[in-house]
């Protein structure tokens with residue numbers, strides 16, 4: 439009877455035929471998420487055998503360098519090829535001028551050097567921005583009126599990028615959103631002989647409400663104002679393309695969109711506009727919202743994270759920074 443009813447209708451194409459088994463679904467799948475697409479962020483603190491839970495980012499910890507090395511080795515054994523390092527600076531080392539940012543005896547320099555020595559084949563990406571190091575919490579130097587000083591900040595960013603290159607980093611990642619910093623950093627790196635050090639530009643970094651758990655993680659607190667004079671307006675998309683084009687012209691090797699899941703249209707538009715690789719940052723707020731729902735029993739975190747990251751890749755991202763990497767690895771191992 440079922441066969442007779444189905445044959446009443448002549449459908450030239452039945453879309454469900456390509457969905458009828460897992461084997462066929464795998465054959466026709468257009469977007470595949472791989473462990474090689476993922477970048478694992480690591481928060482680092484001073485000390486030995488030291489770890490600290492981050493309450494606003496469930497399951498994520500700050501790690502001392504020795505434990506960060508263990509974590510990096512574990513990631514590498516699981517197939518992860520890239521990690522991004524974020525230092526957590528002690529309050530007494532922070533200052534208005536952020537001098538600790540280019541201290542070659544500081545936490546970040548030591549972490550890059552020691553991790554690179556321990557796992558030389560792992561790609562190390564390091565953040566270039568002043569906010570973890572400033573007492574006021576902004577990404578740049580500030581004058582007496584509270585204005586963020588663009589060109590003066592660039593001198594600091596150059597020193598910071600050169601310090602990271604000397605330590606052995608593979609990719610410097612300016613996240614500060616100062617105008618012209620990509621070209622200035624590229625010129626400085628080349629003049630110092632670091633022509634093989636890549637630049638991942640946070641090109642379209644929006645002034646998002648989703649960064650608060652990250653700021654908790656690195657203990658960065660804004661003492662005044664907000665970041666809207668240098669990070670992008672969430673309402674704008676043409677501006678994002680202009681930012682990315684300028685960064686490309688200044689020498690960026692990789693262009694980033696941050697945050698990711700609320701800005702998939704930006705990733706897609708940028709994919710159409712450039713031949714450069716595109717990174718997307720699945721940020722702390724995106725992670726923590728899902729974790730809160732998971733802990734309440736409302737969502738299944740691995741499934742939601744997989745669907746989210748698959749959507750980010752489908753939109754056009756080549757690589758994804760994500761705090762959900764362990765959940766994703768768990769999910770991928772079962773598929």
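Residue numbers (the working numbering): 439 to 773. By construction, the Cβ of each residue, glycine as well, lies at the ideal position given by its N, Cα and C atoms. Only a predicted model underlies this, so the values are computations on that prediction, with no experimental measurement involved.
Contact belief for residue i with residue j at Cβ below 8 Å, rounded distance in angstroms
{"i": "residue 618", "j": "residue 592", "result": "6 Å"}
{"i": "residue 566", "j": "residue 600", "result": "Not confirmed; about 10 Å, so no contact."}
{"i": "residue 523", "j": "residue 546", "result": "7 Å"}
{"i": "residue 667", "j": "residue 586", "result": "6 Å"}
{"i": "residue 621", "j": "residue 688", "result": "3 Å"}
{"i": "residue 562", "j": "residue 521", "result": "6 Å"}
{"i": "residue 696", "j": "residue 656", "result": "The Cβ separation is near 15 Å, so there is no contact."}
{"i": "residue 750", "j": "residue 702", "result": "7 Å"}
{"i": "residue 716", "j": "residue 743", "result": "No, residue 716 and residue 743 are not in contact; Cβ-Cβ is about 20 Å, not under 8 Å."}
{"i": "residue 473", "j": "residue 550", "result": "That pair is no contact at about 23 Å."}
{"i": "residue 476", "j": "residue 773", "result": "Rounded, the Cβ-Cβ distance is 15 Å, inconsistent with contact."}
{"i": "residue 482", "j": "residue 525", "result": "5 Å"}
{"i": "residue 693", "j": "residue 714", "result": "5 Å"}
Range of the contiguous beta strand (DSSP E) that encloses residue i
{"i": "residue 500", "result": "499-502"}
{"i": "residue 643", "result": "636-643"}
{"i": "residue 466", "result": "No beta strand (DSSP E) holds residue 466; the alpha helix (DSSP H) holding it covers 460-466."}
{"i": "residue 520", "result": "520-525"}
{"i": "residue 567", "result": "Here residue 567 belongs to no beta strand (DSSP E), and DSSP marks it neither H nor E."}
{"i": "residue 623", "result": "Note, residue 623: premise wrong, no beta strand (DSSP E); alpha helix (DSSP H) at 619-629."}
{"i": "residue 482", "result": "476-483"}
{"i": "residue 612", "result": "609-612"}
{"i": "residue 757", "result": "757-760"}
Run of the alpha helix (DSSP H) containing residue i, from where it starts to where it stops
{"i": "residue 726", "result": "722-733"}
{"i": "residue 495", "result": "Where residue 495 is concerned, there is no enclosing alpha helix (DSSP H), given that its DSSP letter is neither H nor E."}
{"i": "residue 601", "result": "588-605"}
{"i": "residue 655", "result": "650-655"}
{"i": "residue 546", "result": "545-556"}
{"i": "residue 770", "result": "763-770"}
Residues near residue i in its chain [Cβ-Cβ closer than 6 Å; skip 5 each side]
{"i": "residue 439", "result": "The predicted position of residue 439 is uncertain, since its pLDDT is 46 and thus under 50; a value taken from the coordinates is nonetheless stated next. So no residue of the chain qualifies."}
{"i": "residue 746", "result": "699"}
{"i": "residue 727", "result": "none"}
{"i": "residue 615", "result": "643, 668, 669"}
{"i": "residue 559", "result": "none"}
{"i": "residue 448", "result": "none"}
{"i": "residue 577", "result": "567, 568, 569, 614"}
Residues of its chain near residue i, where Cβ-Cβ distance is below 7 Å and the 5 sequence neighbours each way are ignored
{"i": "residue 768", "result": "740"}
{"i": "residue 535", "result": "579"}
{"i": "residue 571", "result": "527, 532, 536, 538, 539"}
{"i": "residue 509", "result": "480, 501"}
{"i": "residue 704", "result": "642, 675, 678, 695"}
{"i": "residue 462", "result": "456"}
{"i": "residue 624", "result": "637, 688, 689"}
{"i": "residue 513", "result": "478, 521"}
8 Å CB neighbourhood of residue i in its chain, flanking five on each side removed
{"i": "residue 575", "result": "569, 653, 658, 659, 660, 661"}
{"i": "residue 627", "result": "599, 600, 603, 610, 633, 635, 637"}
{"i": "residue 664", "result": "645"}
{"i": "residue 505", "result": "487, 488, 489"}
{"i": "residue 556", "result": "507, 510, 511"}
{"i": "residue 748", "result": "469, 471"}
{"i": "residue 711", "result": "679, 682, 683"}
{"i": "residue 651", "result": "492, 494, 495, 722, 723, 725, 726"}
{"i": "residue 733", "result": "496"}
CB contact below 7 Å: residue i versus chain C
{"i": "residue 469", "result": "In the structure shown, chain C does not exist; there is a single protein chain."}
Three or more C-beta pairs below 8 Å linking the region 684-692 and the region 627-646: yes
Cβ contact (3+ pairs, closer than 8 Å) linking the region 531-544 and the region 493-501: Taking a contact to require three or more Cβ pairs closer than 8 Å, the region 531-544 and the region 493-501 do not qualify as touching.
Those runs of the beta strand (DSSP E) which lie wholly inside the region 660-744 and span at least 3 residues: 692-696, 716-720
Three CB pairs or more closer than 8 Å across the region 669-677 and the region 750-765: Taking 8 Å as the limit for Cβ pairs, the verdict is that the region 750-765 does not touch the region 669-677.
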